[in-house]
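Worksheet for the structure shown next.
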Amino acid sequence: MKISIQEIDGKLVAFLSGELDTAAAAEAEKELHPLLESAGRDVVIDCTELEYIASSGLRILLGILKKVKADGGRVVLRNVNEVIRDVLELTGFIKIFEFE
3 MKISIQEIDG KLVAFLSGEL DTAAAAEAEK ELHPLLESAG RDVVIDCTEL
53 EYIASSGLRI LLGILKKVKA DGGRVVLRNV NEVIRDVLEL TGFIKIFEFE
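Mapped onto the working numbering, the consecutive letters of the sequence shown carry residue numbers 3 to 102.
Structure follows, in structure tokens:
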């Protein structure tokens with residue numbers, strides 16, 4: 003699992019690469035922590051290179067969504083592939099996230 007975060011056009015953009023599984027979740031949560039401090043800015047999670055997401059990864063995304071929305075920002079998932087989209091549909095997460 004590889005994560006990088008950049009500020010682009012006033013938004014925090016997180017680029018996820020690899021598998022966000024149980025083994026990677028603890029480290030991913032630490033690396034994604036800056037998104038929780040977005041102070042009302044919008045957050046984009048770029049999933050172009052994300053190959054797999056487990057329930058522990060979904061929990062992290064949900065935590066980011068709740069905190070960012072509570073602070074007045076938006077969370078958008080970008081470039082979600084079919085495998086990840088299927089997981090989001092099965093879990094109902096497809097209804098709570100915005101997509102690009």
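For glycine and all other residues, C-beta sits at the position ideal for the given N, C-alpha and C.
Chain-order list of residues whose beta-carbon lies under 7 angstroms from that of residue i (same chain, five-residue window excluded)
i: S6; result: F17
CA-to-CA distance, residue j to residue i, given in whole angstroms
i: S19; j: K13; result: 19 angstroms
i: E102; j: A30; result: 22 angstroms
i: Q8; j: L64; result: 20 angstroms
i: M94; j: L60; result: The question names Met, but residue 94 in the sequence shown is Gly. Distance between the alpha carbons of G94 and L60: 11 angstroms.
CB-CB length for residue i against residue j, believed under 8 angstroms
i: E100; j: V77; result: 7 angstroms
i: K96; j: L67; result: In the sequence as presented, Lys is not what sits at residue 96; that position holds Ile. Actually they do not touch by this definition, with Cβ atoms about 13 angstroms apart.
i: L22; j: I55; result: 5 angstroms
i: I62; j: A25; result: With a Cβ gap of about 13 angstroms, I62 and A25 do not count as contacting.
Cβ neighbours of residue i in the same chain (closer than 8 angstroms, five flanking residues each side left out)
i: D48; result: V15, A16, F17, L18, R80 and N81
i: S58; result: L22, D23, T24 and A27
Beta-carbon proximity list for residue i, same chain, < 6 angstroms, skipping 5 on both sides
i: L90; result: I96
i: E51; result: S19
i: K69; result: L38
i: N83; result: none
Is it the case that the stretch 70-80 contacts the stretch 29-45, given that we only count it when at least three CB pairs across the two stretches are under 8 angstroms? Touching, yes.
In chain order, which alpha helix (DSSP H) runs of at least 4 residues are fully inside the stretch 7-74? Segments of the alpha helix (DSSP H) lying fully in the stretch 7-74: 24-33, 35-38 and 57-72.
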